[in-house]
Amino acid sequence: KPFHTKSEINMPQAKGKVNLRPYSRMQKKKFRHTYNKKIHKKRHKNVCLDTTAKDKTLLRHLGVTHVINAAHGPAHIDTGAGFYTDTNIEYHGVEAPDSRHFHIAPFFYPTASFIHEALSQQRGKVLVHCARGVSRSATLVLAYLMIYEKLTVAEAVAAVCAHRNILPNAGFLQQLRQLDSNLNLGIFNN
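Reading the sequence shown from the start, the letters are residues 1 to 190 in UniProt numbering.
So, in structure tokens, the structure goes:
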């Protein structure tokens, strides 16, 4: 079946400091040119390549109600809210370069909230994309799983890796570790 609940996913138990380096190495080995493969995770969330996000006919067919572009902007993937005006799709853009030096953490809570609100709708389906669907978009989905599904960073990575190849850059992983620490301490930055 294409969708899985949290209890159906075998997730590692993580205590204390989490070392994600093995996940990074594992993903480099597993990564192939399968960008357009759409994998479903937890209800109706998809992480994909930008070409899927530009195919409005396919999005309608899939029943997508919300799109998050993690490579928003004219210098990246310039779809924007205007691109979807002839559809019923709600749009959320994050102008983020795939750079380990980029501070993506300020987008964690607004994007997680957008996903949560979309999935709270009866037929809400969210498509999260960037250029290749492995770093920026994956990072935002991981943050959502940590914030709203209460997963640790290791559990979120394992849950997503069970369904698709991802490779968040080192800077994004560090920011996810910091989010994990903050959540464990009860620090929420809405």
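Built from N, CA and C at the ideal position, the CB exists for glycine as well. Note that the coordinates shown come from a computational prediction; the quantities given were computed from them, not determined experimentally.
The three-state secondary structure of TYR84, taken from DSSP, is coil. Following the DSSP letters along the chain, one finds GLU117 in no beta strand (DSSP E) but inside the alpha helix (DSSP H) bounded by residues 108 to 120.
In terms of Cβ geometry, ALA70 and LEU140 form a close pair [threshold 8 Å]. GLU149 sits in coil when the DSSP states are folded into three classes, being neither helix nor strand. Ranked by Cα distance from GLU90, the options ARG100, ASN182, VAL64 are led by VAL64. Here ALA71 is bridged, per DSSP, to GLU95. Per the C-alpha coordinates, the member of LEU167, SER113, ILE187 positioned closest to LEU145 is SER113.
When ASN182, CYS130, LEU119, LEU183 are compared, the shortest CA-CA separation from LYS54 is found for CYS130. At least 8 Å separates the beta-carbon of LEU119 from that of THR52. LYS125 and LEU179 have their C-alpha atoms spaced approximately 25 Å apart.
For the pair GLY171 and THR87, the Cα-to-Cα distance works out to about 35 Å.
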